[in-house]
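Colleague: Protein chains in written order, with the working numbering: chain U, 31 to 256; chain E, 2 to 416.
Below you will find the structure I want to go over with you.
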């Protein structure tokens, strides 16, 4: 599903060139639950941005679902982020003035889905993450764990091929974090592909495969451990 | 993209930034109010001036005898030209483009008495064509002097409305007998109140009008004070004037190019100048209003820029979950347009209330008679709507472009 070959990402800040990724080879199959670990500055976020089509590699080859990402236009990338990728962020990133329902609805709006179909999908997803009775609540009326559930519902609503979570439990207490991890495992068991960025071993313990990143290179885990 | 969804979220957001957005909206409302009021005052002024202008008459030329300034056919210059009744008949007959024509005799310092009240005012002797030509319309129940009055040299008088008020007060005047220089005259009618801006010899409201033939007979006059004529179309006026010179030049033996021989007050020419001036005034007023609105739109653009800055992170999130640049742009343009529409509606409503209130104040005196009737028209409504639309789009466009250029990765980091 994800195929990376010699992917580099160099940030040119004028005088200094920062090599955030120095040649990543990575293969992720459909249905995997994978953790990418590494200390800060190791290139985790950059890798996720490229994987999530928010950024493109400086060199190398990245194909997602058979599509070569570098070749796509800004609008095509937006379409891929909308339909094939679901993002979950550390700080939830919900729209503060929109209800849980409206937050989950947003990707469907960008996808141009009809109102009737949107209603069906949003309700289904919010039920699935256990927030059927919180649909009209604003983010500030929800606990951190509940907000992250809304964010997960939002990530899932367009049936993405892959979910990318950046420190999804980083802002949560251990109980809520555990709940969120259980939810991710449930989704994984239901057949979803999930990539998690974390430096928390508790999180990576849930993942069958862990990739360690250091100084823009993969240290180990490039091979599937089963 | 669902506009309704955007609209819903925007109204939700309004609550968070109430004060700032309402300040912006009131800026637009103020601009709209200014532009509509200014244009409406301009329009009202134009209409009132037009009405006042018609007080004298439409398409009329007032002609006086002058002095020749060129020697002609052995005759010296400096000869005085004076008109008689026959000139009127001749011009009427020879120039078909003159639709109405009348001689006019002035009789200044005429003593008029009714009961124990005596006034000294002007009386003019004219023909029935004056009624239409010089807007001497009678008030209900009366009539202007007619053809038979002229033919029979009847002693009838048509009173200006001010003159009637001073002589009769609230009492009915029609059918009453007054004396004019000690000769009894019967009142046939009273002038219907009108606005009159241009005048010669005094306002029509303050004089009495009697048949030309009667005045001529009583006073033993030979020469007219002036001739007043009306042309059927504005465009014909110069050609008619030329014909007048030729016909009268032949009769009184002066060169038809001797422009000192006849003197004119050409209200047609005058109106054209006045019209151009009024168009100029309106454009100027519109410009001032437009500039006010422009300043308001800078306010909108400013608040939109702040909004883009504040929502950088939100833009990043939206981009991450699949918003295209156009989605981001739409949002900001829609918001700016909404501010313009809401502000414009409020401004228009206030303007309409003010205009209605102002029009309700009865004014019949002084400059307020011309300025006190602001008029809202469809043209003004359309012009304002178009300007508001442009202002809204322009105020939203540049901030929206900035928002769409936001780099999703950078903005996700931006908290």
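Positions of the beta carbon are idealized from the N, C-alpha and C atoms, including for glycine.
Keep in mind that this is a model prediction, so the values were computed, not measured.
Here's the rule I'm using: 16 or more other beta-carbon atoms within 10 Å means buried, otherwise exposed. How should residue 46 of chain U be labelled?
Modeller: Against the first chain, residue 46 of chain U aligns to sequence position 16. Counting Cβ neighbours within 10 Å, residue 46 of chain U comes out exposed, since fewer than 16 surround it.
Colleague: How about residue 35 of chain E and residue 357 of chain E: do their beta carbons lie closer than 9 Å?
Modeller: For the purposes of this step, residue 35 of chain E is taken as the residue at position 34 of the second chain. For the purposes of this step, residue 357 of chain E is taken as the residue at position 356 of the second chain. Cβ distance not < 9 Å, so residue 35 of chain E and residue 357 of chain E don't count as in contact.
Colleague: So does residue 55 of chain U have its beta carbon nearer than 8 Å to some heavy atom of the ligand FAD?
Modeller: Because no ligand of any kind appears in the structure shown, any question about the ligand FAD cannot be addressed here.
Colleague: Below 9 Å between beta carbons is the criterion; list the residues of the segment 306-323 of chain E that meet it against any residue of chain U, in chain order.
Modeller: 314, 315, 317, 318, 319, 320, 321, 322 and 323
Colleague: Taking only beta-carbon positions, decide if residue 49 of chain U is within less than 9 Å of chain E.
Modeller: For this step, residue 49 of chain U is matched to residue 19 along the first chain. No, residue 49 of chain U does not count as interfacial toward chain E.
Colleague: On the CB-based measure, 16 or more other CB atoms within 10 Å of its CB, does residue 126 of chain U come out buried or exposed?
Modeller: Your numbering for residue 126 of chain U matches position 96 in the first chain. Flag for residue 126 of chain U reads exposed.
Colleague: Out of E:215, E:194, E:203 and E:205, which one is the CA nearest neighbour of residue 186 of chain E?
Modeller: Translated into positions along the second chain, residue 186 of chain E becomes position 185. Looking at E:215, E:194, E:203 and E:205, the one whose alpha-carbon comes closest to that of residue 186 of chain E is E:215.
Colleague: Suppose the cutoff is 6 Å on Cβ atoms and the five residues either side in sequence are ignored; what does the same chain contact list for residue 248 of chain E look like?
Modeller: Taking the second chain and counting its residues from 1, the one referred to as residue 248 of chain E is at position 247. Counting only Cβ-Cβ distances below 6 Å, and skipping sequence neighbours, we find 95.
Colleague: Is DSSP giving residue 175 of chain E helix, strand or coil here?
Modeller: Working through the second chain from its first residue, we reach residue 175 of chain E at position 174. Residue state, collapsed to three classes: coil.
Colleague: Three or more C-beta pairs under 8 Å: does that hold for the segment 261-271 of chain E against the segment 118-130 of chain E?
Modeller: no
Colleague: Just to make sure I have the definition right: I need the residues of chain E whose C-beta is within less than 9 Å of the C-beta of residue 111 of chain U. Which are they?
Modeller: Residue numbering aside, residue 111 of chain U sits at position 81 when the first chain is read from its first letter. Chain E residues near residue 111 of chain U: 320, 321, 322, 323, 324 and 409.
Colleague: Express the C-alpha separation of residue 396 of chain E and residue 385 of chain E in angstroms, rounding to a whole number.
Modeller: The sequence position of residue 385 of chain E within the second chain is 384, counting from 1. The sequence position of residue 396 of chain E within the second chain is 395, counting from 1. Cα to Cα, the separation comes out at about 16 Å.
Colleague: With C-beta atoms as the reference, is residue 188 of chain U less than 9 Å away from residue 112 of chain U?
Modeller: What you label residue 188 of chain U is simply residue 158 of the first chain in a count that begins at 1. What you label residue 112 of chain U is simply residue 82 of the first chain in a count that begins at 1. Yes. Within cutoff.
Colleague: In this structure, what does DSSP give as the bridge partners for residue 266 of chain E?
Modeller: Residue numbering aside, residue 266 of chain E sits at position 265 when the second chain is read from its first letter. BP columns for residue 266 of chain E point to E:63.
Colleague: Could you compute how far the alpha carbon of residue 327 of chain E sits from the alpha carbon of residue 320 of chain E?
Modeller: Counting from one through the second chain, the residue named residue 327 of chain E turns up at place 326. Counting from one through the second chain, the residue named residue 320 of chain E turns up at place 319. Rounded to the nearest angstrom, the two C-alpha atoms are 11 Å apart.
Colleague: Determine whether the Cβ of residue 125 of chain U lies closer than 9 Å to any Cβ atom of chain E.
Modeller: On the first chain, position 95 is the one that residue 125 of chain U refers to. Taking Cβ atoms only, chain E reaches closer than 9 Å to residue 125 of chain U, which makes this a yes.
Colleague: Determine the DSSP secondary structure at residue 131 of chain U, reduced to helix, strand or coil.
Modeller: Taking the first residue of the first chain as position 1, residue 131 of chain U is located at position 101. Residue 131 of chain U falls in the helix class under three-state DSSP.
Colleague: For residue 345 of chain U, go through chain E and note every residue whose CB falls closer than 9 Å to its CB, in chain order.
Modeller: Coverage of chain U is limited to positions 31 through 256, which leaves residue 345 of chain U absent and any answer about it impossible.
Colleague: Would residue 413 of chain E pass as an interface residue toward chain U - the criterion being a Cβ-Cβ separation below 9 Å?
Modeller: Residue numbering aside, residue 413 of chain E sits at position 412 when the second chain is read from its first letter. In terms of beta-carbon proximity, residue 413 of chain E lines the interface with chain U, with at least one pair separated by less than 9 Å.
Colleague: Going by DSSP in three states, residue 407 of chain E sits in which element: helix, strand or coil?
Modeller: As a first step, residue 407 of chain E must be located in the second chain, where it is residue number 406. In this structure, residue 407 of chain E counts as coil in the three-state DSSP scheme.
Colleague: Does the beta-carbon distance from residue 221 of chain E to residue 160 of chain E come in below 9 Å?
Modeller: In the second chain, the residue the question calls residue 221 of chain E occupies position 220. In the second chain, the residue the question calls residue 160 of chain E occupies position 159. Not in contact: residue 221 of chain E and residue 160 of chain E (Cβ atoms no closer than 9 Å).
Colleague: Between the segment 66-89 of chain U and chain E, which residues of the former have CB atoms less than 8 Å from a CB of the latter, in chain order?
Modeller: 79, 82, 84 and 85
Colleague: Is it right to say residue 238 of chain E is buried, meaning 16 or more other beta carbons lie within 10 angstroms of its own, or is it exposed?
Modeller: One-based indexing of the second chain puts residue 238 of chain E at position 237. Its Cβ being crowded by 16 or more others within 10 Å, residue 238 of chain E is buried.
Colleague: When DSSP labels each residue in this structure, what does residue 153 of chain E get in the three-state scheme?
Modeller: Here residue 153 of chain E refers to the residue found at position 152 of the second chain. DSSP places residue 153 of chain E in coil when its eight states are reduced to three.
Colleague: Measure the CB-CB distance between residue 29 of chain E and residue 392 of chain E and report whether it falls below 9 Å.
Modeller: Start at 1 with the first residue of the second chain, and residue 29 of chain E comes out as number 28. Start at 1 with the first residue of the second chain, and residue 392 of chain E comes out as number 391. Taking 9 Å as the Cβ cut-off, residue 29 of chain E and residue 392 of chain E qualify as a contacting pair.
Colleague: Counting Cβ pairs, one atom from each stretch, are 3 or more of them under 8 Å apart for the segment 376-385 of chain E and the segment 41-52 of chain E?
Modeller: The segment 376-385 of chain E, when compared against the segment 41-52 of chain E, does touch it at the 8 Å Cβ threshold.
Colleague: For residue 78 of chain U and residue 287 of chain E, I'd like the C-alpha separation in whole angstroms.
Modeller: As a first step, residue 78 of chain U is located in the first chain; it is residue number 48 there, counting from the start. As a first step, residue 287 of chain E is located in the second chain; it is residue number 286 there, counting from the start. Those two C-alpha atoms are separated by around 56 Å.
Colleague: Would residue 245 of chain U and residue 73 of chain U be called neighbours here (beta carbons separated by less than 9 Å)?
Modeller: The sequence position of residue 245 of chain U within the first chain is 215, counting from 1. The sequence position of residue 73 of chain U within the first chain is 43, counting from 1. It is a contact, given that the beta carbons lie within the stated cut-off.
Colleague: Could you tell me whether any Cβ in chain U is nearer than 9 Å to the Cβ of residue 1 of chain E?
Modeller: Residue 1 of chain E falls outside the range modelled here, since chain E spans only 2 to 416, and no answer is possible.
Colleague: Less than 8 Å between the CB atoms is what I'm expecting for residue 202 of chain E and residue 188 of chain E, so what's the real figure, rounded?
Modeller: Locating residue 202 of chain E in the second chain gives position 201, where the first residue counts as 1. Locating residue 188 of chain E in the second chain gives position 187, where the first residue counts as 1. With 8 Å as the limit, residue 202 of chain E and residue 188 of chain E do not qualify as a contact, their Cβ atoms being about 21 Å apart.
Colleague: For residue 212 of chain E, which residues from the same chain have a beta carbon less than 6 Å from its beta carbon, with the 5 sequence-adjacent residues on both sides left out?
Modeller: Mapped onto the second chain, residue 212 of chain E falls at position 211. Only 146, 150 and 151 meet the Cβ criterion.
Colleague: Between which residues of its own chain and residue 272 of chain E is the CB-CB distance below 7 Å, once the five residues before and five after are set aside?
Modeller: Counting from one through the second chain, the residue named residue 272 of chain E turns up at place 271. Result list for residue 272 of chain E: 54, in chain order.
Colleague: Does residue 52 of chain U get closer than 9 Å to chain E when you measure Cβ to Cβ?
Modeller: Sequence index remark: in the first chain, residue 52 of chain U carries index 22 (1-based). Not closer than 9 Å to any Cβ of chain E, the Cβ of residue 52 of chain U fails to qualify, so no.
Colleague: Give a yes or no on whether 9 Å exceeds the smallest Cβ distance from residue 108 of chain U to chain E.
Modeller: For this step, residue 108 of chain U is matched to residue 78 along the first chain. It does: the Cβ of residue 108 of chain U has a partner Cβ on chain E nearer than 9 Å.
Colleague: May I have a chain-ordered list of the beta strand (DSSP E) segments no shorter than 3 residues that lie completely inside the segment 177-244 of chain E?
Modeller: Here the runs fully enclosed are 178-181, 184-191, 209-212 and 227-232.
Colleague: Can you tell which of E:129, E:47 and E:167 has the C-alpha that lies nearest to the C-alpha of residue 274 of chain E?
Modeller: One-based indexing of the second chain puts residue 274 of chain E at position 273. Cα-wise, what sits closest to residue 274 of chain E is E:47.
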